[in-house]
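Visitor:
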Amino acid sequence: MNFKRTSELLQIANNYNIEVSEVFSALKQALEVVLKCGKLHADFSNEKIFFYEIIYNRFGEKRKKFVQIKRNNYKAVQDRFISIVISYSLEKKREQVKSLKSMIFKGKIEKVLKSGFEVSSSIGFGFLPKVEILRKDLTRIQLGTELYLAIKKFKGSKKAPNGCLVFTRKNMNILEYEVMNNMSDCGVYYIEKISARKISIFCTKMPTKDQIKNTMRAANTFLDIQVRN
Numbered sequence: 003m004n005f006k007r008t009s010e011l012l013q014i015a016n017n018y019n020i021e022v023s024e025v026f027s028a029l030k031q032a033l034e035v036v037l038k039c040g041k042l043h044a045d046f047s048n049e050k051i052f053f054y055e056i057i058y059n060r061f062g063e064k065r066k067k068f069v070q071i072k073r074n075n076y077k078a079v080q081d082r083f084i085s086i087v088i089s090y091s092l093e094k095k096r097e098q099v100k101s102l103k104s105m106i107f108k109g110k111i112e113k114v115l116k117s118g119f120e121v122s123s124s125i126g127f128g129f130l131p132k133v134e135i136l137r138k139d140l141t142r143i144q145l146g147t148e149l150y151l152a153i154k155k156f157k158g159s160k161k162a163p164n165g166c167l168v169f170t171r172k173n174m175n176i177l178e179y180e181v182m183n184n185m186s187d188c189g190v191y192y193i194e195k196i197s198a199r200k201i202s203i204f205c206t207k208m209p210t211k212d213q214i215k216n217t218m219r220a221a222n223t224f225l226d227i228q229v230r231n
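Per this note's numbering, the very first residue in the sequence shown carries number 3; after that it's consecutive.
#1: Pick helix, strand or coil for Y191, following the three-state DSSP scheme.
#2: Thinking C-alpha only, which one of F169, Y90 and S9 is nearest L151?
#3: I need the straight-line Cα distance from A78 to N19, nearest angstrom please.
#4: Leaving out five residues on either side along the sequence, give the residues of the same chain with a beta carbon under 8 Å from the beta carbon of M3.
#5: Whose C-beta lies closer than 8 Å to the C-beta of Q144 among residues of the same chain, with five residues either side of it excluded?
#6: What distance in whole Å lies between the Cβ atoms of E24 and C39, which are believed to be in contact at a cut-off of 8 Å?
#7: Go to S9, then tell me how far its alpha helix (DSSP H) extends in each direction, as first and last residue.
#8: Closest to S117 by CA distance: which of S124, S123 and K132 is it?
#9: Starting from K154, trace the beta strand (DSSP E) both ways and give me its first and last residue.
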């Protein structure tokens, strides 16, 4: 009995952003576990997939025993299959997120919630918890506000089984970007955080009072300016 067509596996692979080979492996694993059979192999015919295990009769002759998916175990196979597919998808997304953790992204507040904010960004939708924003953000963040974000983590949950990006505003890369953006003509070459509320900025030209004021407001911190030529 066939369970999936090859075109269906391709569609699932596209939906979950994984390889077709991983979808095929997930289906095979689901059948082996739920049907409690041995190692499965597959025949392909007219886009249909037929799974079977190899058995030997009393004369030692090899033959194929095709698996039968009955109505009472169809849902169990389907649930196990999707569960494995999701786990592959989450693992792939986690690996992708690791390579993006050092980057910052411009995000936009799409929804205000009690515990935080739903945001859209160039790498997709995510969640910005209130515990991950700066104190100054509380007075200015509202629907439609744009701000710089960094990735805190990627997690799966019951509400987001396919995974969710969790963003943060408490990130040194964002701090450095705010400084560079406000002091672009000052030759900033090094930034060091010396305490929870103070940073040292090493530059070749003294910033103006307005630049210092704007940087302090943007970075939500006191500044120690070190001018060295």
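Virtual Cβ for every residue (Gly too), placed ideally from N, Cα, C.
Guide: Let's see:
#1: Counting from one through the sequence shown, the residue named residue 191 turns up at place 189. Here Y191 sits in coil by DSSP.
#2: For this step, residue 151 is matched to residue 149 along the sequence shown. A check of alpha carbon separations from L151 across F169, Y90 and S9 identifies F169 as the nearest.
#3: By one-based count along the sequence shown, residue 78 stands at place 76. By one-based count along the sequence shown, residue 19 stands at place 17. N19 has its alpha-carbon roughly 23 Å from the corresponding atom of A78.
#4: Counted from its first residue, the sequence shown places residue 3 at position 1. Because the pLDDT at M3 is just 43, under 50, the model does not fix this residue reliably, and the value given afterwards should be weighed accordingly. Here the set comprises F52, F68, V69, Q70 and I71.
#5: On the sequence shown, position 142 is the one that residue 144 refers to. Cβ contact annotation for Q144 (same chain, cutoff 8 Å, sequence separation greater than five): I111 and V114, in chain order.
#6: Start at 1 with the first residue of the sequence shown, and residue 39 comes out as number 37. Start at 1 with the first residue of the sequence shown, and residue 24 comes out as number 22. At roughly 21 Å, the Cβ-Cβ gap does not stay under 8 Å, so C39 and E24 are not in contact.
#7: In the sequence shown, the residue the question calls residue 9 occupies position 7. Looking at the DSSP string, the run of the alpha helix (DSSP H) that includes S9 is T8 to Y18.
#8: On the sequence shown, position 115 is the one that residue 117 refers to. Nearest option by C-alpha distance: K132.
#9: The residue given as residue 154 occupies position 152 in the sequence shown. Counting along the chain, the beta strand (DSSP E) containing K154 begins and ends at E148 to K157.
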